[in-house]
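Chains H and A, in that order, give the protein sequences. Mapping of the first sequence onto the numbering used here: position 61 corresponds to residue 82, and the numbering continues sequentially without gaps. Mapping of the second sequence onto the numbering used here: position 60 corresponds to residue 65, and the numbering continues sequentially without gaps. Each remark here refers to the structure printed beneath this line.
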Amino acid sequence: AQSVTQLGSHVSVSEGALVLLRCNYSSSVPPYLFWYVQYPNQGLQLLLKYTTGATLVKGINGFEAEFKKSETSFHLTKPSAHMSDAAEYFCAVSVIQGAQKLVFGQGTRLTINP
Amino acid sequence: ETGVTQSPTHLIKTRGQQVTLRCSSQSGHNTVSWYQQALGQGPQFIFQYYREEENGRGNFPPRFSGLQFPNYSSELNVNALELDDSALYLCASSLAGASFADTQYFGPGTRLTVL
Chain H
22 AQSVTQLGSH
32 VSVSEGALVL
42 LRCNYSSSVP
52 PYLFWYVQYP
62 NQGLQLLLKY
72 TTGATLVKGI
82 NGFEAEFKKS
92 ETSFHLTKPS
102 AHMSDAAEYF
112 CAVSVIQGAQ
122 KLVFGQGTRL
132 TINP
Chain A
6 ETGVTQSPTH
16 LIKTRGQQVT
26 LRCSSQSGHN
36 TVSWYQQALG
46 QGPQFIFQYY
56 REEENGRGNF
66 PPRFSGLQFP
76 NYSSELNVNA
86 LELDDSALYL
96 CASSLAGASF
106 ADTQYFGPGT
116 RLTVL
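Dropping the structure here:
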């Protein structure tokens with residue numbers, strides 16, 4: 022069964038520091054992978070997605086992620102953290118079982134220290 | 006272009022009651038998926054509707070049911086509410102219904118509290 026694991030339920034970085042949020046996937050077929058962000062009391066907003074082609078995917082708000090098949094990883098990075106990046110981040114893999122469903126990780130809460 | 010909207014924003018019910026949540030899909034989208042997000046967890050897939058038919062279901066009991074209307078809006082109904090049904094219910098709309106690469110666009114959610 023396809024699944025994702027997010028390493029670290031809580032990550033704290035200083036403003037201006039590198040953000041690295043880890044996601045590893047398990048899939049028997051070529052995976053389609055997504056990162057979503059959830060601000061407090063809001064729904065999910067798509068940051069970026071990997072389908073096929075270029076393994077380095079650029080998203081909104083300066084985020085990017087690199088698909089590494091050999092490591093079964095899809096880590097999310099941002100060179101310089103802003104206070105506004107504080108939120109919950111979810112990695113997800115797309116699964117087809119009749120319908121397309123997203124299988125989400127447990128989430129990583131990102132805190133930015135001034 | 007109108008995004009995904011959900012109503013109500015918050016809802017409080019007691020055990021055993023029934024609840025209906027509503028979702029309007031993004032303009033041009035014909036597919037609606039529902040997810041349950043318990044506190045501190047990632048969203049869990051409930052089911053998906055494509056052109057008014059349920060075309061996929063997650064591991065949820067039959068007391069979770071839904072509808073999709075000709076304008077592609079949707080309802081989620083939950084009967085015989087249990088305490089564990091307390092969660093944020095998210096609706097997402099998309100274009101194709103059964104494509105790996107489809108992007109699902111999420112609404113703001115309905116926070117259901119069962120007392």
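We put the CB at the ideal spot given by N, CA and C, even for glycine.
Candidates the options: closest to residue i by CA position
i, options, result
"Leu26(A)", "Asp90(A), Gly63(A), Ala101(A) and Ser104(A)", "Asp90(A)"
"Val40(H)", "Val116(H), Gln127(H), Val114(H) and His96(H)", "His96(H)"
"Leu54(H)", "Ile117(H), Ala102(H), Ile133(H) and Ala113(H)", "Ala113(H)"
"Ser47(H)", "Ser91(H), His31(H) and Arg130(H)", "Ser91(H)"
"Pro113(A)", "Leu42(H), Gly64(H) and Gly37(H)", "Gly64(H)"
"Leu69(H)", "Tyr110(A), Thr115(A), Leu120(A) and Thr118(A)", "Tyr110(A)"
"Cys28(A)", "Leu88(A), Glu80(A), Leu117(A) and Ala85(A)", "Glu80(A)"
"His31(H)", "Val116(H), Asn82(H) and Leu42(H)", "Leu42(H)"
"Thr72(H)", "Ser35(H), Ala102(H) and Val116(H)", "Val116(H)"
"Lys99(H)", "Val124(H), Leu77(H), Ser24(H) and Tyr60(H)", "Leu77(H)"
Local Cβ density within 10 Å of residue i, reported as buried at 16 or more and exposed below that
i, result
"Val50(H)", "exposed"
"Glu57(A)", "exposed"
"Gln27(H)", "buried"
"Gln23(A)", "exposed"
"Lys122(H)", "buried"
"Gly37(H)", "exposed"
"Gly128(H)", "buried"
First through last residue of the beta strand (DSSP E) which encompasses residue i
i, result
"Ser35(H)", "His31 to Ser35"
"Lys90(H)", "No beta strand (DSSP E) contains Lys90(H), which DSSP labels as neither H nor E."
"Asn134(H)", "Thr129 to Asn134"
"His15(A)", "His15 to Lys18"
"Tyr77(A)", "That residue, Tyr77(A), is in no beta strand (DSSP E); it is neither H nor E in DSSP."
"Thr25(A)", "Val24 to Ser29"
"Tyr71(H)", "Leu65 to Tyr71"
Residue(s) in a DSSP beta bridge with residue i
i, result
"Ile117(H)", "Gln121(H)"
"Leu117(A)", "Leu16(A) and Ala92(A)"
"Asn45(H)", "Thr26(H) and Ser94(H)"
"Arg62(A)", "Phe52(A)"
"Tyr110(H)", "Val58(H) and Thr129(H)"
Closer than 7 Å at the beta carbon, the chain B residues around residue i
i, result
"Pro113(A)", "Given the protein chain composition of this structure (H and A), no chain B is represented."
(message) Under 9 Å, CB to CB, which of the residues in the region 74-104 of chain A have a partner in chain H?
(response) Leu93, Leu95, Cys96, Ala97, Ser99, Ala101, Gly102, Ala103 and Ser104
(request) Note down, in chain order, all residues in the region 101-123 of chain H with a beta-carbon under 7 Å from any beta-carbon belonging to chain A. (result) Phe111, Ser115, Ile117, Gln118, Gly119, Ala120, Gln121, Lys122 and Leu123
(request) Quick one: which residues of the region 65-89 of chain H get their C-beta closer than 9 Å to a C-beta of chain A? List them in chain order. (result) Leu65, Gln66, Leu67, Lys70, Thr72 and Thr73
(message) Beta carbons nearer than 9 Å to chain H: which residues of the region 21-47 of chain A have them?
(response) Thr36, Ser38, Tyr40, Gln42, Gly45, Gln46 and Gly47
(request) Give, in chain order, every residue of the region 56-70 of chain A whose Cβ lies closer than 9 Å to some Cβ of chain H. (result) Glu59, Asn60, Gly61, Arg62 and Gly63
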